[in-house]
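In what follows, a single structure is set out as C-alpha coordinates and then discussed.
Right under this line is the structure:
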(Lines of atoms letter the chains of each structure in order from A and count residues from 1; the text may use other names and numbers.)
(Lines give C-alpha, C1' and ligand atoms only; values in the text may rest on other atoms or scores of the structure.)
Protein backbone atom coordinates (compact mmCIF):
# COMPACT_ATOMS: atom_id res chain seq x y z
CA UNK A 1 0.00 0.00 0.00
CA UNK A 2 1.52 3.29 -1.15
CA UNK A 3 1.88 6.32 1.04
CA UNK A 4 -0.73 9.01 0.68
CA UNK A 5 0.68 12.05 -1.10
CA UNK A 6 -0.31 15.22 0.72
CA UNK A 7 -0.76 18.21 -1.64
CA UNK A 8 1.63 21.12 -1.04
CA UNK A 9 -1.24 23.58 -0.49
CA UNK A 10 -2.80 21.37 2.18
CA UNK A 11 0.39 20.91 4.21
CA UNK A 12 1.33 24.59 3.93
CA UNK A 13 -2.14 25.60 5.14
CA UNK A 14 -1.86 23.22 8.11
CA UNK A 15 1.61 24.50 8.93
CA UNK A 16 0.51 28.13 8.81
CA UNK A 17 -2.48 27.43 11.06
CA UNK A 18 -0.33 25.41 13.47
CA UNK A 19 2.31 28.16 13.79
CA UNK A 20 -0.41 30.72 14.51
CA UNK A 21 -1.73 28.53 17.35
CA UNK A 22 1.65 28.33 19.09
CA UNK A 23 3.14 30.78 21.56
CA UNK A 24 6.04 32.89 20.24
CA UNK A 25 8.78 30.73 21.75
CA UNK A 26 7.47 27.40 20.42
CA UNK A 27 6.60 28.96 17.06
CA UNK A 28 10.13 30.35 16.72
CA UNK A 29 11.68 26.98 17.61
CA UNK A 30 9.43 25.17 15.12
CA UNK A 31 10.40 27.52 12.28
CA UNK A 32 14.06 27.18 13.28
CA UNK A 33 13.74 23.37 13.16
CA UNK A 34 11.95 23.36 9.78
CA UNK A 35 14.61 25.64 8.29
CA UNK A 36 17.38 23.33 9.52
CA UNK A 37 15.52 20.21 8.39
CA UNK A 38 15.40 21.64 4.86
CA UNK A 39 19.15 22.25 5.07
CA UNK A 40 19.72 18.68 6.28
CA UNK A 41 17.72 17.29 3.35
CA UNK A 42 19.66 19.38 0.83
CA UNK A 43 22.94 18.28 2.38
CA UNK A 44 21.87 14.62 2.26
CA UNK A 45 20.97 14.88 -1.44
CA UNK A 46 24.32 16.53 -2.16
CA UNK A 47 26.28 13.87 -0.26
CA UNK A 48 24.37 10.92 -1.74
CA UNK A 49 25.26 12.12 -5.24
CA UNK A 50 28.99 12.07 -4.41
CA UNK A 51 30.30 8.49 -4.11
CA UNK A 52 33.72 9.75 -2.97
CA UNK A 53 32.39 11.78 -0.05
CA UNK A 54 34.06 11.05 3.30
CA UNK A 55 33.24 12.68 6.61
CA UNK A 56 35.79 14.07 9.03
CA UNK A 57 37.22 11.42 11.34
CA UNK A 58 35.81 11.55 14.87
CA UNK A 59 37.30 9.77 17.88
CA UNK A 60 35.79 8.49 21.11
CA UNK A 61 35.69 11.29 23.64
CA UNK A 62 35.60 14.08 21.04
CA UNK A 63 33.39 17.06 21.86
CA UNK A 64 31.12 18.06 18.98
CA UNK A 65 28.24 20.48 18.54
CA UNK A 66 25.07 18.80 17.29
CA UNK A 67 21.61 19.91 16.25
CA UNK A 68 19.44 17.18 17.80
CA UNK A 69 16.34 18.58 16.14
CA UNK A 70 12.88 19.37 17.42
CA UNK A 71 12.19 16.60 19.95
CA UNK A 72 9.01 15.47 21.67
CA UNK A 73 8.28 15.54 25.40
CA UNK A 74 11.44 15.22 27.51
CA UNK A 75 13.64 14.16 24.60
CA UNK A 76 16.74 16.35 24.46
CA UNK A 77 16.62 18.61 21.40
CA UNK A 78 18.12 21.69 19.82
CA UNK A 79 21.74 22.73 19.31
CA UNK A 80 23.98 21.30 22.05
CA UNK A 81 27.43 19.92 22.75
CA UNK A 82 27.84 16.14 22.80
CA UNK A 83 30.47 13.45 23.42
CA UNK A 84 31.29 10.95 20.68
CA UNK A 85 30.93 7.43 22.10
CA UNK A 86 30.73 5.04 19.15
CA UNK A 87 30.58 4.57 15.38
CA UNK A 88 33.61 6.80 14.88
CA UNK A 89 36.12 4.62 13.00
CA UNK A 90 34.66 4.59 9.48
CA UNK A 91 34.81 7.96 7.67
CA UNK A 92 32.29 6.66 5.12
CA UNK A 93 29.76 5.84 7.83
CA UNK A 94 27.12 8.54 8.11
CA UNK A 95 26.16 8.00 11.77
CA UNK A 96 27.70 8.48 15.23
CA UNK A 97 26.58 7.46 18.70
CA UNK A 98 26.74 10.42 21.05
CA UNK A 99 25.84 11.54 24.56
CA UNK A 100 24.31 15.04 24.77
CA UNK A 101 25.68 17.59 27.24
CA UNK A 102 23.92 20.33 29.15
CA UNK A 103 25.22 23.15 31.33
CA UNK A 104 25.09 22.72 35.08
CA UNK A 105 22.79 25.41 36.46
CA UNK A 106 23.99 27.44 39.50
CA UNK A 107 21.15 26.06 41.66
CA UNK A 108 21.88 22.39 40.84
CA UNK A 109 23.72 20.29 43.42
CA UNK A 110 26.05 18.24 41.21
CA UNK A 111 26.57 15.73 44.04
CA UNK A 112 22.92 14.69 43.77
CA UNK A 113 22.15 14.47 40.06
CA UNK A 114 19.30 12.45 38.54
CA UNK A 115 19.85 8.86 37.47
CA UNK A 116 21.51 8.77 34.06
CA UNK A 117 23.37 12.07 34.55
CA UNK A 118 27.13 12.40 35.00
CA UNK A 119 28.96 15.57 36.05
CA UNK A 120 31.97 16.35 33.85
CA UNK A 121 33.07 19.36 35.85
CA UNK A 122 34.88 21.96 33.74
CA UNK A 123 36.53 19.30 31.58
CA UNK A 124 35.21 20.70 28.28
CA UNK A 125 36.22 24.27 29.14
CA UNK A 126 39.63 23.04 30.31
CA UNK A 127 40.15 21.19 27.01
CA UNK A 128 39.32 24.35 25.05
CA UNK A 129 41.71 26.39 27.22
CA UNK A 130 44.46 23.82 26.71
CA UNK A 131 44.05 24.12 22.93
CA UNK A 132 43.99 27.91 23.20
CA UNK A 133 47.26 27.91 25.12
CA UNK A 134 48.92 25.67 22.53
CA UNK A 135 47.93 28.00 19.70
CA UNK A 136 48.91 31.13 21.63
CA UNK A 137 52.28 29.51 22.29
CA UNK A 138 52.68 28.77 18.59
CA UNK A 139 51.94 32.40 17.67
CA UNK A 140 54.35 33.62 20.36
CA UNK A 141 57.15 31.47 18.93
CA UNK A 142 56.44 32.75 15.42
CA UNK A 143 56.44 36.34 16.67
CA UNK A 144 59.80 35.84 18.44
CA UNK A 145 61.21 34.21 15.31
CA UNK A 146 60.21 37.10 13.04
CA UNK A 147 61.39 39.68 15.58
CA UNK A 148 64.81 38.03 15.91
CA UNK A 149 65.24 37.82 12.13
CA UNK A 150 63.94 41.28 11.21
CA UNK A 151 67.11 43.32 11.84
CA UNK A 152 69.35 40.73 10.16
CA UNK A 153 67.12 40.57 7.09
CA UNK A 154 66.85 44.36 6.85
CA UNK A 155 70.64 44.77 7.09
CA UNK A 156 71.27 42.10 4.46
CA UNK A 157 68.73 43.68 2.11
CA UNK A 158 70.35 47.11 2.53
CA UNK A 159 73.84 45.66 1.97
CA UNK A 160 72.65 43.81 -1.13
CA UNK A 161 71.01 46.95 -2.53
CA UNK A 162 74.12 49.06 -1.86
CA UNK A 163 76.41 46.55 -3.57
CA UNK A 164 73.97 46.14 -6.42
CA UNK A 165 74.06 49.91 -7.02
CA UNK A 166 77.89 49.85 -7.03
CA UNK A 167 77.89 46.89 -9.42
CA UNK A 168 75.48 48.60 -11.82
CA UNK A 169 77.60 51.76 -11.72
CA UNK A 170 80.74 49.78 -12.59
CA UNK A 171 78.98 47.94 -15.41
CA UNK A 172 77.69 51.23 -16.85
CA UNK A 173 81.27 52.53 -16.93
CA UNK A 174 82.70 49.40 -18.54
CA UNK A 175 82.19 50.77 -22.06
CA UNK A 176 83.90 54.04 -21.21
CA UNK A 177 87.08 52.50 -19.90
CA UNK A 178 89.23 49.46 -20.38
CA UNK A 179 90.62 49.53 -16.88
CA UNK A 180 91.38 46.04 -15.56
CA UNK A 181 90.90 47.39 -12.04
CA UNK A 182 87.26 48.10 -12.87
CA UNK A 183 86.87 44.53 -14.14
CA UNK A 184 88.35 43.25 -10.89
CA UNK A 185 85.98 45.46 -8.89
CA UNK A 186 83.02 44.10 -10.88
CA UNK A 187 84.03 40.50 -10.13
CA UNK A 188 84.55 41.28 -6.45
CA UNK A 189 81.25 43.17 -6.17
CA UNK A 190 79.42 40.32 -7.95
CA UNK A 191 80.85 37.81 -5.48
CA UNK A 192 79.82 39.98 -2.52
CA UNK A 193 76.28 40.36 -3.91
CA UNK A 194 76.08 36.59 -4.42
CA UNK A 195 77.32 35.92 -0.87
CA UNK A 196 74.80 38.34 0.63
CA UNK A 197 72.00 36.80 -1.43
CA UNK A 198 72.97 33.35 -0.15
CA UNK A 199 73.00 34.64 3.45
CA UNK A 200 69.59 36.19 2.82
CA UNK A 201 68.33 32.85 1.52
CA UNK A 202 69.83 31.11 4.56
CA UNK A 203 67.87 33.37 6.92
CA UNK A 204 64.61 33.07 4.99
CA UNK A 205 65.02 29.30 4.68
CA UNK A 206 65.54 29.10 8.45
CA UNK A 207 62.24 30.94 8.95
CA UNK A 208 60.47 28.62 6.51
CA UNK A 209 61.81 25.46 8.16
CA UNK A 210 60.87 26.62 11.67
CA UNK A 211 57.39 27.61 10.48
CA UNK A 212 57.10 24.16 8.93
CA UNK A 213 58.10 22.54 12.27
CA UNK A 214 55.47 24.59 14.11
CA UNK A 215 52.79 23.51 11.65
CA UNK A 216 52.31 27.02 10.25
CA UNK A 217 53.79 26.10 6.88
CA UNK A 218 53.05 22.62 5.57
CA UNK A 219 55.41 22.41 2.62
CA UNK A 220 56.98 18.96 2.25
CA UNK A 221 59.27 20.23 -0.50
CA UNK A 222 61.17 22.21 2.14
CA UNK A 223 62.25 19.01 3.85
CA UNK A 224 63.98 17.77 0.69
CA UNK A 225 66.13 20.84 0.10
CA UNK A 226 69.89 20.19 0.22
CA UNK A 227 71.05 23.82 0.22
CA UNK A 228 69.59 27.34 0.19
CA UNK A 229 70.54 27.81 -3.47
CA UNK A 230 67.80 25.34 -4.38
CA UNK A 231 65.25 27.99 -3.41
CA UNK A 232 64.56 30.83 -5.78
CA UNK A 233 63.39 34.16 -4.37
CA UNK A 234 60.09 33.53 -6.17
CA UNK A 235 59.73 30.25 -4.24
CA UNK A 236 60.50 31.99 -0.96
CA UNK A 237 57.99 34.76 -1.63
CA UNK A 238 55.37 32.13 -2.40
CA UNK A 239 56.07 30.28 0.84
CA UNK A 240 56.07 33.51 2.85
CA UNK A 241 52.66 34.38 1.36
CA UNK A 242 51.51 30.92 2.47
CA UNK A 243 52.81 31.66 5.98
CA UNK A 244 50.88 34.95 6.05
CA UNK A 245 47.68 33.15 5.04
CA UNK A 246 48.30 30.40 7.61
CA UNK A 247 48.84 33.01 10.34
CA UNK A 248 45.52 34.67 9.43
CA UNK A 249 43.83 31.24 9.58
CA UNK A 250 45.47 30.65 12.96
CA UNK A 251 44.08 33.95 14.30
CA UNK A 252 40.62 33.09 12.93
CA UNK A 253 40.80 29.69 14.65
CA UNK A 254 41.79 31.33 17.96
CA UNK A 255 38.83 33.72 17.66
CA UNK A 256 36.51 30.72 17.19
CA UNK A 257 38.02 29.01 20.23
CA UNK A 258 37.58 32.14 22.35
CA UNK A 259 33.88 32.27 21.40
CA UNK A 260 33.42 28.62 22.38
CA UNK A 261 35.31 29.27 25.61
CA UNK A 262 32.94 32.14 26.46
CA UNK A 263 29.95 29.83 25.89
CA UNK A 264 31.42 27.21 28.22
CA UNK A 265 32.16 29.59 31.13
CA UNK A 266 29.45 28.08 33.29
CA UNK A 267 29.32 25.81 36.33
CA UNK A 268 30.55 22.83 34.37
CA UNK A 269 28.82 20.32 32.08
CA UNK A 270 26.52 17.37 32.69
CA UNK A 271 26.52 14.34 30.38
CA UNK A 272 22.99 12.99 29.81
CA UNK A 273 23.76 9.27 29.68
CA UNK A 274 20.06 8.43 29.63
CA UNK A 275 19.75 10.37 26.35
CA UNK A 276 22.48 8.47 24.47
CA UNK A 277 21.49 8.40 20.82
CA UNK A 278 22.67 7.74 17.27
CA UNK A 279 22.73 10.76 14.97
CA UNK A 280 23.44 11.47 11.33
CA UNK A 281 26.76 13.23 10.83
CA UNK A 282 24.81 15.79 8.80
CA UNK A 283 23.52 17.07 12.17
CA UNK A 284 27.05 18.02 13.27
CA UNK A 285 27.70 21.76 13.26
CA UNK A 286 31.25 21.73 14.61
CA UNK A 287 33.79 20.39 13.86
CA UNK A 288 33.33 19.49 10.20
CA UNK A 289 36.91 20.29 9.22
CA UNK A 290 40.32 20.46 10.93
CA UNK A 291 40.08 24.27 11.09
CA UNK A 292 36.83 24.33 13.08
CA UNK A 293 36.88 25.45 16.71
CA UNK A 294 36.10 22.10 18.34
CA UNK A 295 38.63 20.10 16.31
CA UNK A 296 40.80 18.02 18.70
CA UNK A 297 38.72 19.06 21.74
CA UNK A 298 37.99 16.00 23.86
CA UNK A 299 37.14 14.98 27.40
CA UNK A 300 39.77 13.37 29.63
CA UNK A 301 40.45 9.63 29.52
CA UNK A 302 39.36 9.43 33.16
CA UNK A 303 35.95 10.96 32.43
CA UNK A 304 35.52 8.75 29.36
CA UNK A 305 36.30 5.65 31.43
CA UNK A 306 33.85 6.74 34.15
CA UNK A 307 31.13 7.30 31.54
CA UNK A 308 31.73 3.81 30.11
CA UNK A 309 31.35 2.33 33.61
CA UNK A 310 28.15 4.31 34.23
CA UNK A 311 26.68 3.12 30.92
CA UNK A 312 27.48 -0.51 31.83
CA UNK A 313 25.77 -0.06 35.21
CA UNK A 314 22.70 1.43 33.52
CA UNK A 315 22.55 -1.51 31.08
CA UNK A 316 22.87 -4.11 33.86
CA UNK A 317 20.20 -2.37 35.95
CA UNK A 318 17.79 -2.29 32.98
CA UNK A 319 18.33 -6.04 32.39
CA UNK A 320 17.76 -6.87 36.07
CA UNK A 321 14.41 -5.11 35.96
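Numbering (this note's numbering), first residue to last: -16 to 304.
Every residue, glycine too, gets a C-beta built ideally from N, C-alpha and C.
- Taking the Cα positions, residue 94 is about 13 Å away from residue 250.
- Burial is judged here by how many other beta carbons sit within 10 angstroms of a residue's own beta carbon; residue 286 has at least 16 and is buried.
- For residue 29, the enclosing alpha helix (DSSP H) has its first and last residue at 7 to 31.
- At a Cβ-Cβ threshold of 8 Å, residue 283 and residue 86 do not count as neighbours.
- In its chain, beyond the 5 residues on either side, 270, 271 and 272 have a beta carbon closer than 7 Å to the beta carbon of residue 39.
- Between residue 13 and residue 2, the C-beta spacing is below 8 Å.
- For residue 0, the secondary structure class from DSSP, reduced to helix, strand or coil, is helix.
- With contact defined as three or more Cβ pairs closer than 8 Å, the segment 221 to 231 and the segment 39 to 55 are not in contact.
- With respect to residue 81, residue 66 sits close: the two C-beta atoms are nearer than 8 Å.
- Straight through space, the alpha carbons of residue 118 and residue 290 are spaced by roughly 29 Å.
- DSSP places residue 222 within a helical segment (H, G or I) once states are collapsed to three.
- Scanning 41, 265 and 241 for the CA closest to the CA of residue 73 turns up 41.
- For the pair residue 110 and residue 247, the Cα-to-Cα distance works out to about 11 Å.
- With respect to residue 121, residue 197 sits close: the two C-beta atoms are nearer than 8 Å.
- By the neighbour-count definition (other C-beta atoms within 10 Å, threshold 16), residue 296 is an exposed residue.
- Between the C-alpha atoms of residue 15 and residue 217 there is a straight-line separation of about 50 Å.
- Taking the Cα positions, residue 84 is about 7 Å away from residue 63.
- In chain order, 265 place their CB closer than 6 Å to the CB of residue 26, counting only its own chain and leaving out the 5 sequence neighbours on each side.
- The closest CA to that of residue 129, considering only 22, 61, 255 and 190, is found on 190.
- With 16 or more other Cβ atoms from the protein chains shown falling within 10 Å of its own Cβ, residue 107 counts as buried.
- 75 is the residue among 75, 10 and -3 whose C-alpha sits nearest the C-alpha of residue 34.
- By the 16-neighbour rule on beta-carbons within 10 angstroms, residue 44 is buried.
- Scanning 281, 293, 292 and 302 for the CA closest to the CA of residue 47 turns up 281.
- Pairing residue 126 with residue 113, the inter-Cα distance amounts to about 20 Å.
- The beta carbon of residue 237 is closer than 8 Å to those of 115, 118, 119 and 122 in its chain, skipping five residues each way along the sequence.
- The Cβ atoms of residue 255 and residue 59 lie closer than 8 Å to each other.
- Here the C-alpha atom of residue 224 lies approximately 14 Å from the C-alpha atom of residue 215.
- Remark: C-beta atoms of residue 262 and residue 79 approach each other more closely than 8 Å.
- Beta-bridge partners assigned by DSSP to residue 86: 252.
- Taking C-beta atoms as the reference points, residue 135 and residue 100 fail to come closer than 8 Å.
- Residue 38 has no beta-bridge partner at all, per DSSP.
- One thing to note: residue 277 has its Cβ within 8 Å of the Cβ of residue 243.
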